[in-house]
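Below you'll find the structure, written out as structure tokens, and then a few comments.
Numbering (mature numbering (1 follows the signal peptide of the UniProt record, and there is no 0)), first residue to last: -25 to -1, 1 to 319.
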């Protein structure tokens, strides 16, 4: 009887564990769609668009920020292919589709029920510098995510490559009278489009995970910050940082001034950022060049090279618990944009 009772109890606990695991593993269904109604955007279903679409799908399916997503109890999204879901009722070769058409299509899908749709628009063009004749690629990806049933906006952004343009290289550039190879041009544009797609997919995955984690009670613990001393935004880590001006061989570089912009940071976080940067090795001077409610730009003079400055920014963001990725623009500009996350 005791053995039977133990077996029954074990079975009950097993069922409960399976139920808890099922709840923990709950996720959402996402459909990514190419939106190309703007005549200046790249049309749907060309080689470059398909490369970008595949990259977004793959990134949402298995995002890079796994540790962040695990805080919300999931590891990725359930991403579906538009063609596979709409093959039996929708004409597949349509281009220049409007918002109305995309939303109508996704709401017509019955199995599986799509929770969120991500329409994106891709822009790309080649520009020639007037003095050097160098041909550069300018590219941007505009995306947003909507709740299919309610139409609620849950995330989005407009991502650009270096606004000054990225120079075509190799066989993608026409050199010494040799014309650029069309295949190389498409591959070059596709590779740069995939960079934007990975950024978009990772950002959106975190935003959706935050909503999902709260919805299914994943056990994500909130950190309550008391608004007292501004250093609480970075805990007690400032005390352990080296004093500025203290360096070694890493500070033997010629002085360089970087323009470092922070977007979407709270005021207390900006104060912490300023204190952090003043304490970095090799720092010589730190001034504010522009500031408003949503962003601040520092003029940061240092003997560090760009790679070390980027590393310091990433370490600072990790200590602050802020999800953001520093991006370089040109040789001495760095832009750090915080990712906005909601849990309700």
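Glycine is no exception: its CB is placed at the ideal position from the N, C-alpha and C atoms. As the structure is a prediction and not an experimental result, all values here were calculated from the model.
Nearest to residue 119 by CA position, among 174, 141, 153, 287, is which residue? Within the chain shown, numbered from 1, the residue matching residue 119 stands at position 144. Looking at the Cα atoms, 174 is the closest of the given residues.
Contact under 7 Å by Cβ, residue 299 with residue 318: As a position in the chain shown, residue 299 is number 324, starting the count at 1. As a position in the chain shown, residue 318 is number 343, starting the count at 1. No, they are not a contact pair.
Looking only at C-alpha atoms, which of 44, 16, 233 sits nearest to residue 73? Translated into positions along the chain shown, residue 73 becomes position 98. The residue with the shortest Cα to Cα distance from residue 73 is 16.
Express the C-alpha separation of residue 105 and residue 157 in angstroms, rounding to a whole number. Translated into the one-based positions of the chain shown, residue 157 becomes position 182. Translated into the one-based positions of the chain shown, residue 105 becomes position 130. Taking the straight line joining both Cα atoms gives about 23 Å.
If we count Cβ pairs, one from each stretch, closer than 8 Å, do we get three or more for the region 64 to 82 versus the region 12 to 29? yes
Inter-stretch contact (C-beta, 8 Å, three-pair minimum) for the region 161 to 174 and the region 128 to 147: yes
Across which residues does DSSP place residue 315 in a beta bridge pair? Residue numbering aside, residue 315 sits at position 340 when the chain shown is read from its first letter. BP columns for residue 315 are empty, so no partner.
Assuming residue 269 is part of the alpha helix (DSSP H), what are its boundary residues? Locating residue 269 in the chain shown gives position 294, counting from the first residue. First-last for residue 269: undefined, no H or E at that position.
So, are the CB atoms of residue 93 and residue 167 less than 7 Å apart? For the purposes of this step, residue 93 is taken as residue 118 along the chain shown, with counting starting at 1. For the purposes of this step, residue 167 is taken as residue 192 along the chain shown, with counting starting at 1. Against a cut-off of 7 Å, the Cβ pair of residue 167 and residue 93 comes out as no contact.
Where residue 265 and residue 20 are concerned, what is the direct C-alpha to C-alpha distance, given to the nearest angstrom? Numbered from 1 along the chain shown, position 290 holds the residue referred to as residue 265. Numbered from 1 along the chain shown, position 45 holds the residue referred to as residue 20. Cα to Cα, residue 265 sits roughly 42 Å from residue 20.
Beta-bridge partners of residue 277, as assigned by DSSP: Taking the chain shown and counting its residues from 1, one reaches residue 277 at position 302. BP columns for residue 277 point to 231, 258.
Skipping 5 residues on each side, what residues in its chain have a beta carbon closer than 8 Å to that of residue 305? Looking up residue 305 in the chain shown gives position 330. Within the same chain, residue 305 has close Cβ partners 137, 139.
Rounded separation between residue 284 and residue 22 - CA only: Start at 1 with the first residue of the chain shown, and residue 284 comes out as number 309. Start at 1 with the first residue of the chain shown, and residue 22 comes out as number 47. Their Cα atoms are separated by approximately 37 Å.
Report all residues from its chain with a CB closer than 8 Å to the CB of residue 61; omit the five preceding and five following residues, and keep chain order. Walking along the chain shown from the start, residue 61 turns up at place 86. Answer for residue 61: 67, 80, 83, 84, listed in chain order.
Find out if the Cβ-Cβ distance for the pair residue 184, residue 31 is shorter than 7 Å. On the chain shown, position 209 is the one that residue 184 refers to. On the chain shown, position 56 is the one that residue 31 refers to. Not in contact: residue 184 and residue 31 (Cβ atoms no closer than 7 Å).
Expected contact under 8 Å - CB spacing of residue 292 and residue 176 to nearest Å: Against the chain shown, residue 292 aligns to sequence position 317. Against the chain shown, residue 176 aligns to sequence position 201. About 19 Å separates the two Cβ atoms, so there is no contact after all.
For residue 258, which of 232, 7, 111, 270 has the nearest alpha-carbon? Position 283 of the chain shown, counted from the first residue, corresponds to residue 258. That would be 232, whose Cα lies nearest to the Cα of residue 258.
Measure the C-alpha to C-alpha separation of residue 69 and residue 77 and round it to an integer number of angstroms. Looking up residue 69 in the chain shown gives position 94. Looking up residue 77 in the chain shown gives position 102. Residue 69 and residue 77: Cα-Cα distance of roughly 11 Å.
Buried/exposed call for residue 309, threshold 16 Cβ in 10 Å: Locating residue 309 in the chain shown gives position 334, counting from the first residue. Buried, because 16 or more other Cβ atoms sit within 10 Å of the Cβ of residue 309.
Hey, out of 6, 33, 47, 8, whose CA is closest to residue 182's CA? Taking the chain shown and counting its residues from 1, the one referred to as residue 182 is at position 207. Minimum Cα distance to residue 182 is reached at 47.
In whole angstroms, give me the CA-to-CA distance for residue 7 and residue 108. Here residue 7 is taken as the residue at index 32 of the chain shown, counted from 1. Here residue 108 is taken as the residue at index 133 of the chain shown, counted from 1. Whole-angstrom Cα-Cα distance: 38 Å.
Under a three-way DSSP split, which group does residue 251 fall into? On the chain shown, residue 251 is found 276 positions in, with the first residue counted as 1. In the structure shown, residue 251 sits in a helix (DSSP, three-state: H, G or I).
Other residues of its chain near residue 159: CB distance less than 6 Å, five sequence neighbours each side excluded: One-based indexing of the chain shown puts residue 159 at position 184. Here the set comprises 146, 147.
Does the distance from the C-beta atom of residue 5 to that of residue 97 stay below 7 Å? Here residue 5 refers to the residue found at position 30 when the chain shown is read from its first residue. Here residue 97 refers to the residue found at position 122 when the chain shown is read from its first residue. Against a cut-off of 7 Å, the Cβ pair of residue 97 and residue 5 comes out as no contact.
Pick from 255, 103, 296 that is closest to residue 43, judged by C-alpha positions: On the chain shown, position 68 is the one that residue 43 refers to. Of 255, 103, 296, the residue nearest in Cα terms is 296.
Excluding five sequence neighbours on each side, which residues of the same chain lie with their C-beta closer than 7 Å to the C-beta of residue 50? Position 75 of the chain shown holds residue 50. These residues qualify, in order along the chain: 41, 44.
For the alpha helix (DSSP H) that contains residue 41, what are its first and last residues? In the chain shown, the residue the question calls residue 41 occupies position 66. Run containing residue 41: 41 to 45, per the alpha helix (DSSP H) assignment.
Contacts around residue 87, its chain only, beta-carbon distance under 6 Å, and the 5 residues preceding and following it disregarded: As a first step, residue 87 must be located in the chain shown, where it is residue number 112. Excluding residues within five positions, the ones whose Cβ falls inside 6 Å are 4.
Of the residues 155, 240, 110, 103, which one's Cα is nearest the Cα of residue 270? Residue numbering aside, residue 270 sits at position 295 when the chain shown is read from its first letter. It is 240.
Could you check where the alpha helix (DSSP H) with residue 75 kicks off and where it finishes? Numbered from 1 along the chain shown, position 100 holds the residue referred to as residue 75. Element bounds for residue 75: 74 to 82.
Take residue 135 and list the residues in its own chain whose beta-carbon comes closer than 6 Å to its own, dropping the five residues that flank it on each side. On the chain shown, position 160 is the one that residue 135 refers to. These residues qualify, in order along the chain: 115.
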